[in-house]
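Encoded as structure tokens, the structure appears first; notes follow it.
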Amino acid sequence: MNHEETERYMNNCTIILGSWTSDSASLDYYADENVNLQSYISNEEWSVVSFKIYRHEYLYPCCPKPWVILEASLVIQRKPLFYVFNLIIPTSIITIVAIVGFFTPASTGDERTEKFNLGITTLLAMSILLLMVADQMPTTSEFVPLIAWYFLAIMIIIAIGTFLTNAMIHIQLQYRYGHFPSPKIRYLFFSRIARLLFDSIPHELYLLWRELKVPIKG
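Rendered as structure tokens:
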């Protein structure tokens, strides 16, 4: 079974029925295309999409009469409610909280340590959810499930936000001790990255830096 798309996986199970010793002259098969599913017992993880039987005739050089084969095709689909409710929705909420927490203003003490702690906490929560996914998956190195890629991408986003928060805390603490960022760092963030983000330096801060003769461009 292919578990690459676990949360919406659909599988086609085929059963072939036929005789190895008798052709259609001795043994012939006929079946309805639609199978009666009144005795079917529903499953908690899988649902039946379709179940049909097809009749095929094959001619072989050894025999003048065709050989009849019945092909039963059972299509089942995994129910995604477990993965959506227990994995995807909690992960989306955690990611939104982490992103919103990164853009919130500083606290009354003018510190951002809470943001850094939030990033570490969300990474820990994502690691626990990723362990839940690993427990549901078979051990294989041939592919990575789609839901695992989803978790990995979100963890990378949260890790980048945590790293940037750490950099902001470092710059803020250096500013308290009277150490300004190097000219190259100021030029990179205030001239290059600011343009990419369609942002600019606040006018009051710009006037203050001009008064203090703080170089902005490298």
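Per full-length UniProt numbering, the very first residue in the sequence shown carries number 1; after that it's consecutive. Cβ coordinates follow ideal geometry from the N, Cα and C atoms, glycine included. Computed from a prediction, not measured in an experiment: that's the story for all the values here.
Bridge partners for residue i per DSSP, in chain order?
i	result
Ile15	Ala72
residue 219	A query on residue 219 cannot be resolved here, the shown segment of the chain reaching from 1 to 218 and no further.
Glu57	Val68
Met10	Gln77
Just checking my contact of residue i with residue j at CB under 8 Å: how many whole Å lie between their CB atoms?
i	j	result
Ile16	Ile76	Not quite, the Cβ-Cβ distance comes to about 18 Å (not below 8 Å), so this is no contact.
Ser79	Ala25	A quick correction: the sequence has Lys, not Ser, at residue 79. No, Lys79 and Ala25 are not in contact; Cβ-Cβ is about 46 Å, not under 8 Å.
Ser73	Asn12	6 Å
Helix or strand or just coil, what does DSSP make of residue i?
i	result
Val49	strand
Gln38	coil
Met132	helix
Tyr150	helix
Tyr83	helix
Met137	coil
Glu4	Here the model assigns Glu4 a pLDDT of 49, short of 50, so the residue's position is not dependable, and the following value carries that caveat. Glu4 falls in the coil class under three-state DSSP.
Phe198	coil
Val144	coil
Leu164	helix
Phe180	coil
Leu123	helix
Leu27	coil
Leu207	helix
In the DSSP assignment, the alpha helix (DSSP H) including residue i goes from what residue to what residue?
i	result
Tyr187	Pro183 to Tyr187
Taking three-plus beta-carbon pairs below 8 Å as touching, is the stretch 84-97 in contact with the stretch 42-57? No, the stretch 84-97 does not touch the stretch 42-57.
Decide yes or no for the touch test of the stretch 176-187 against the stretch 121-131: beta carbon pairs closer than 8 Å, at least 3 of them. no
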